[in-house]
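Each step along the sequence shown adds one to the number in my numbering, with nothing skipped, and position 27 is 81. Each residue gets a CB set at the ideal place from its N, CA and C atoms; glycine is no exception. Bear in mind the structure is a predicted one, so any value in this text is a computation, not a measurement. Report on the following structure.
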Amino acid sequence: MTPSYIFEPTSGILSTNDAPDLLYWVSSSLDSGANFLLVDLAQITRIDSSGLGTLMIACNRVRRAGGTLALCSLNSQTQMQIERAGLLEKFDIYTDRREFESFISGDDDLNRYAF
């Protein structure tokens, strides 16, 4: 199975407060050999500009290392914020963790969430 790691912020708002934890998680995950990283946004109701910037920094770091940073469990507000920032095409988007895990395990019976 392909190594993967999941980060789940729980503060309600993805903001500058989450940046250190998210970026540390990215570095640690990549150092541990993860190829696929998932940020589960199930507990996030809003993403501020710092949160969007942090996601982009994280995505760039993962891509430079040859990996993929995916997002899942976006609600309509978080999806709209990511889309308005022009970042939607930068990430693989999954409806939930189950779909992500199915995709990376090679069980591609599920349809990927597409915008």
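Nearest-angstrom Cβ-Cβ length linking residue i and residue j, presumed shorter than 8 Å
i: Leu-109; j: Leu-141; result: 7 Å
i: Glu-62; j: Ala-96; result: 7 Å
i: Leu-126; j: Thr-99; result: Residue 126 is actually Cys in this sequence, not Leu. Contact flag wrong, Cβ pair sits at about 15 Å.
i: Ser-106; j: Gln-135; result: For the sequence presented, residue 106 should be read as Leu rather than Ser. Confirmed, about 7 Å.
Identity of the residue in the options nearest residue i by Cα
i: Ser-65; options: Glu-137, Ile-101, Gln-133 and Gln-135; result: Ile-101
i: Ile-158; options: Glu-143, Gln-135 and Gly-121; result: Gly-121
Distance, residue j Cα to residue i Cα
i: Phe-154; j: Ala-73; result: 23 Å
i: Leu-128; j: Ile-67; result: 12 Å
i: Ser-103; j: Gly-160; result: 34 Å
i: Ile-147; j: Arg-118; result: 19 Å
i: Ser-156; j: Val-93; result: 16 Å
i: Ala-124; j: Tyr-59; result: 10 Å
i: Tyr-167; j: Arg-115; result: With a pLDDT of 38 at Tyr-167, under the threshold of 50, the predicted position of this residue should be treated as unreliable, though the coordinate-derived value follows. Distance between the alpha carbons of Tyr-167 and Arg-115: 24 Å.
i: Ala-112; j: Arg-152; result: 22 Å
i: Ser-86; j: Asp-75; result: 16 Å
i: Phe-145; j: Val-80; result: 15 Å
| alpha helix (DSSP H) runs contained entirely in the region 83-121, provided each spans 4 or more residues | Within the region 83-121, the complete alpha helix (DSSP H) segments at least 4 residues long are 103-118, listed from N- to C-terminus.
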